[in-house]
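Numbering (the working numbering), first residue to last: 7 to 342.
Reviewing the structure listed below.
Next comes the structure, spelled out in structure tokens:
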């Protein structure tokens, strides 16, 4: 039976982001890290030792983990290529699901997961932690207030030069694991800009870019979305190019600058009268905390989708990312 003051969490997969999420859980009152699942018992136990999980709830296969009766919700931290499979496994075992971004490889997989959750009356959400940060929730409310008038144009970029020494089988480069810039880096500007545009379907999506020759995944791209009676948005991403990670929103009566939009603490408002000011809401140093608290509140309130990142928002982003990939001429193996 679920606790009244929090959730019992299970973490599926034990990579770097799983460790960060586990550390954040320790900062949330009422949250309990109850179990972990890995492909190997030894790996699960090592993770459990670090985070205080009893050995009997450190599982060396995902099926046993999903069946654990001491878990209310599963945080899916496996590679993109396995998000749909592992989310469905958890849902069919009666568990709520919070799956890392990108939620799935494509819209068809996302709809399968959300459909399964709806059919079972369970919560399912994309772990787009950027949207849960107080500053981005504040930005959304600020834009909706109309203080600067309508949004005309917005753009954001997020790119890094990942190591040339990493093997081509690394998940960043491997199409079999959902590799490429769009799902790892591009999902951030795509989701942030979709939020600014009101999470509605764009009337046009155009993408240009370059594929990563050694493996064929997307290396870099720029995607322009147009919205009927709405703004134009420009999203850039890369895995072999360091890019500025500032987001900008240009409105009728001024513009907004958000440094490090994906991990932001503040945004600057620059109205046309020149009287610049800063919006700097409080946030926890562990960014995942806001996501965990929001998801917990939704589930304890009986909701089956997030009040911050509803399923329709994730589906919009999934369709934008798919259209971008198709423009680049890149498909995942499961789509061929």
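Glycine included, C-beta positions come from ideal geometry on N, C-alpha and C.
Please read all numbers here as calculations on a predicted model, not as lab measurements.
- In its chain, beyond the 5 residues on either side, 34 have a beta carbon closer than 7 Å to the beta carbon of residue 299.
- Distance between residue 210 and residue 315, taken at the CA atoms: about 23 Å.
- A residue is called buried once 16 or more other Cβ atoms fall within 10 Å of its Cβ, and residue 78 is buried on that count.
- Ranked by how close their Cα comes to the Cα of residue 152, the residues 261, 40 and 339 have 261 in first place.
- The criterion of a C-beta distance shorter than 8 Å is satisfied by residue 111 and residue 338.
- DSSP, reduced to helix, strand and coil, places residue 313 outside both helices and strands of the structure shown, so it counts as coil.
- For the 8 Å CB-CB criterion, residue 160 and residue 191 do not form a contact.
- Put simply, the stretch 250–261 does not touch the stretch 217–234. Fewer than three CB pairs are less than 8 Å apart.
- According to DSSP, residue pairing for residue 174 in a beta bridge does not occur.
- A residue is called buried when at least 16 other Cβ atoms come within 10 angstroms of its Cβ; residue 169 does not meet this threshold and is exposed.
- Segment contact: the stretch 116–126 against the stretch 304–324, three or more CB-CB distances shorter than 8 Å; contact assigned.
- Counting the other Cβ atoms within 10 Å of the Cβ of residue 172 gives fewer than 16, which makes it exposed.
- The shortest C-alpha to C-alpha distance from residue 245 to any of 235, 174 and 199 is the one to 174.
- Around the beta-carbon of residue 95, 16 or more other beta-carbon atoms lie within 10 Å, marking it buried.
- Annotation: the stretch 216–278 contains no complete segment of the alpha helix (DSSP H) (minimum length 4 residues).
- If you draw a straight line from the Cα of residue 39 to the Cα of residue 58, it comes to about 8 Å.
- Its Cα nearest to that of residue 243, the residue 215 stands out among 221, 256, 222 and 215.
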